[in-house]
Amino acid sequence: MRVDELKQKLASDMRVERVLEVLERLIAFQSVNPGGKEQDAAHFIADFMRTAGCEVSLQEVEPGRPNVIAVLKGTGQGKSIILNTHIDVVPAGDGWSSDPFKMRVDGDRVVGRGVMDAKGPLAAMMVAIEAIARAGIKLPGDIILAAVVDEEAASLGAKSLPSELTASFAVIGEATNRTLAIAHRGSIRPILAVKGVSAHSSTPQLGKNAVSLMAKAVVALDRFAEEELVHRTHPLTGQSSLAVTIMKGGIKESMIPDYCEALIDRRLIPGESEQEAIEEMMNVLERDPQLAGQVYIERMIPTTGTASETDEQHELVQLGKRVLADVYEKETAITGLTANCDMTHFVAKGIPAVIYGPGDFSIAHKIDEWVTIDELEKAVCVYAYFALEAASQVE
65 MRVDELKQKL ASDMRVERVL EVLERLIAFQ SVNPGGKEQD AAHFIADFMR TAGCEVSLQE
125 VEPGRPNVIA VLKGTGQGKS IILNTHIDVV PAGDGWSSDP FKMRVDGDRV VGRGVMDAKG
185 PLAAMMVAIE AIARAGIKLP GDIILAAVVD EEAASLGAKS LPSELTASFA VIGEATNRTL
245 AIAHRGSIRP ILAVKGVSAH SSTPQLGKNA VSLMAKAVVA LDRFAEEELV HRTHPLTGQS
305 SLAVTIMKGG IKESMIPDYC EALIDRRLIP GESEQEAIEE MMNVLERDPQ LAGQVYIERM
365 IPTTGTASET DEQHELVQLG KRVLADVYEK ETAITGLTAN CDMTHFVAKG IPAVIYGPGD
425 FSIAHKIDEW VTIDELEKAV CVYAYFALEA ASQVE
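If you read the sequence shown in the working numbering, its first letter stands for residue 65, the second for the next number, and so on.
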């Protein structure tokens, strides 16, 4: 059976009503991060995929925080594909017009925490695989759902996926606003520290003010960002950046502070390495005689990871362009994300990856998060067609 015939066979099971039904259940699970509360949602996903006909395993990343790995087995003769997205969501925050964990349909929009980031993509992936299984289609390759925990913090889920879990391709579910993203930025978050000498504030000359030294360090890093990093750009992900986001120092109003620390949020573009970015930042500080030897890295805050990119000429990208053009009935724009995502961990394992998902990424993490019903309907088709096209290829 040809791929176009397979697509026709799926039509009756890829109803948007089914996606909304699954999404409503997913939204009700308050899998908020921080909090580590993905377990109940993970068990729902596992039961759903098992009922659909997949071989399912739960991988405990931390106590009560399982990844879900569901495999719709092929004949073993073809290429395999991983559909990946995350189970966790950011906290709802205040100011919602309705209960953030009770999905609401408002005209052509669906509202709720996670409808776009990323339970909308997750629901669409689940329904896409279910439809393929229900149609009784036995493809040469495997179709794998990898629903992971902790993407909104340090990507513990994606980093912990079994080394034996591999595939020919991966599609990462994040909002791309009707485009195909092939690159994303990364981040590192070092905490810089300065040690001073305490003294009474009436005799500051007898001490060494750690806050003042750190202030000089912040000025030097800001200048570096404004004069150098601003010119370092990537055509799909934008510019490199550096920002000081938290600074702490001093314990009493009448004491010269003997310790100060500052958290640096350094955003990386494809081509920049984490280690080189750290060395570059420290070299900036060492060039200042007042700061040389005074500032050190106290610790690193875990992040999702570094930047990554897939070549636009890669067969997966060309496949994605065809799939999106088929579903959206227009030529596909190639874009990149300005934020982190789990694509980097698949690329690091040697699995070519692209990013696609329903919704506009600018809505991420906002109150009254929304996605259109039309986008959800198209997303299930995109994921199903990606899976069909990829897993139909004989190795």
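Glycine is no exception: its CB is placed at the ideal position from the N, C-alpha and C atoms.
Please read all numbers here as calculations on a predicted model, not as lab measurements.
What span of residues does the alpha helix (DSSP H) with residue i cover, start to end?
i           : result
residue 449 : 437 to 455
residue 311 : From DSSP, residue 311 is part of no alpha helix (DSSP H) but of the beta strand (DSSP E) over 305 to 313.
residue 283 : 274 to 291
residue 109 : 103 to 116
residue 92  : 80 to 92
residue 399 : From DSSP, residue 399 is part of no alpha helix (DSSP H) but of the beta strand (DSSP E) over 398 to 401.
residue 411 : 407 to 412
Tell me the rounded alpha-carbon separation between residue i and residue j.
i           : j           : result
residue 350 : residue 397 : 43 Å
residue 308 : residue 401 : 22 Å
residue 134 : residue 121 : 6 Å
residue 413 : residue 226 : 11 Å
residue 358 : residue 328 : 16 Å
residue 89  : residue 415 : 31 Å
residue 65  : residue 452 : Model confidence at residue 65 stands at a pLDDT of 47, short of 50, so the residue's coordinates are unreliable and nothing is read from them.
residue 341 : residue 258 : 20 Å
residue 107 : residue 100 : 14 Å
residue 233 : residue 428 : 26 Å
residue 264 : residue 316 : 10 Å
residue 178 : residue 353 : 49 Å
residue 247 : residue 269 : 51 Å
residue 175 : residue 139 : 40 Å
residue 237 : residue 262 : 51 Å
residue 191 : residue 82  : 7 Å
residue 336 : residue 300 : 14 Å
residue 378 : residue 411 : 13 Å
Within 10 angstroms of the Cβ of residue i, are there 16 or more other Cβ atoms? Answer buried if so, exposed if not.
i           : result
residue 347 : exposed
residue 119 : exposed
residue 364 : exposed
residue 64  : Lying outside 65 to 459, the shown extent of the chain, residue 64 is not represented and no answer is given.
residue 252 : buried
residue 9   : Outside the shown range of the chain (65 to 459) lies residue 9, about which nothing can therefore be said.
residue 356 : exposed
residue 369 : buried
residue 373 : buried
residue 406 : buried
Can you tell me where the beta strand (DSSP E) holding residue i begins and where it ends?
i           : result
residue 150 : 145 to 150
residue 175 : 173 to 175
residue 417 : 417 to 419
residue 139 : Per DSSP, residue 139 belongs to no beta strand (DSSP E) and is neither H nor E.
residue 122 : 119 to 126
residue 170 : 168 to 170
Task: Entirely enclosed beta strand (DSSP E) segments - the region 323 to 391, minimum 3 residues - done: Listed in chain order, the complete beta strand (DSSP E) runs (minimum 3 residues) inside the region 323 to 391 are 323 to 332 and 359 to 365.
Task: Continuous alpha helix (DSSP H) assignments of at least 4 residues falling wholly in the region 184 to 267 - done: 220 to 224
Open item on the list: Does the contact criterion of 3 or more C-beta pairs under 8 Å hold for the region 135 to 149 versus the region 206 to 214?
Closed with: yes
- [ ] Check whether the region 271 to 280 touches the region 309 to 326, counting contact only when three or more Cβ pairs, one atom from each stretch, lie closer than 8 Å.
- [x] yes
Open item on the list: For the region 81 to 95 against the region 180 to 189, do three or more pairs of beta-carbon atoms, one drawn from each stretch, fall closer than 8 Å, so that the two count as touching?
Closed with: yes
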